[in-house]
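Taken in order, the sequence shown gives residues 566 to 684; the numbers are from the working numbering.
Working notes for the structure below.
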Amino acid sequence: MSHSIAIVDDEHDTVQLFKDILTTNGYNVAGFTNPLLALEHIKENHEKFDLILCDYKMPYLSGCDFARKIRTEINTAITIIIITAITDIGINPLKLQVYYKPLLMSKLIDLVKKHLSSV
């Protein structure tokens, strides 16, 4: 079974790059540049997603606020990883894993494999 990943980042180029790399590596990927639309889609299709890769600084919802809504309103068990260029995101009450941009694509593939190996 192929794993499904949601990518949420307000930068279209980042979403497309991550989507292309992960799709090429056999994953089903849904990309979103608006966290509110992503939230609605994931709410309606939550059972399909194994992993969410999310930017920290986005319009409408920060990555942490987005993750909090996913965890409290949709699915407490889904793995959510923040990928950001901001080196100090402050308090991380959800204890989310954080990776920093720029991110080598080999590192992206490795972290996805690592987090999906137990799913």
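Don't be surprised by glycine CBs; every beta carbon is placed ideally from N, CA and C.
Quick one: Cα of residue i to Cα of residue j, how far?
i: ASN590; j: GLN581; result: 14 angstroms
i: SER627; j: VAL594; result: 21 angstroms
i: ASN640; j: VAL677; result: 19 angstroms
i: GLY596; j: THR588; result: 11 angstroms
By DSSP, does residue i sit in helix, in strand, or in coil?
i: LEU618; result: strand
i: GLY628; result: helix
i: ALA595; result: strand
i: ILE643; result: coil
i: ILE648; result: strand
Counting only the same chain and skipping the five closest in sequence on each side, list residues whose C-beta sits under 8 angstroms from that of residue i.
i: SER567; result: GLY591, TYR592, ASN593
What distance in whole Å lies between the Cβ atoms of residue j and residue i, which are believed to be in contact at a cut-off of 8 angstroms?
i: ILE646; j: LEU601; result: Contact doesn't hold; Cβ gap of about 20 angstroms is too wide.
Please report whether the beta-carbon of residue i lies at a distance below 7 angstroms from any beta-carbon of chain B.
i: THR652; result: Of the chains in the structure shown, none is chain B; there is only one protein chain.
I'd like the list of long-range same chain contacts for residue i, defined as Cβ closer than 6 angstroms, with 5 residues on each side in sequence excluded.
i: TYR664; result: ILE648
Looking at the secondary structure, which residues open and close the alpha helix (DSSP H) in which residue i lies?
i: ALA603; result: 600-609
i: ILE586; result: 577-589
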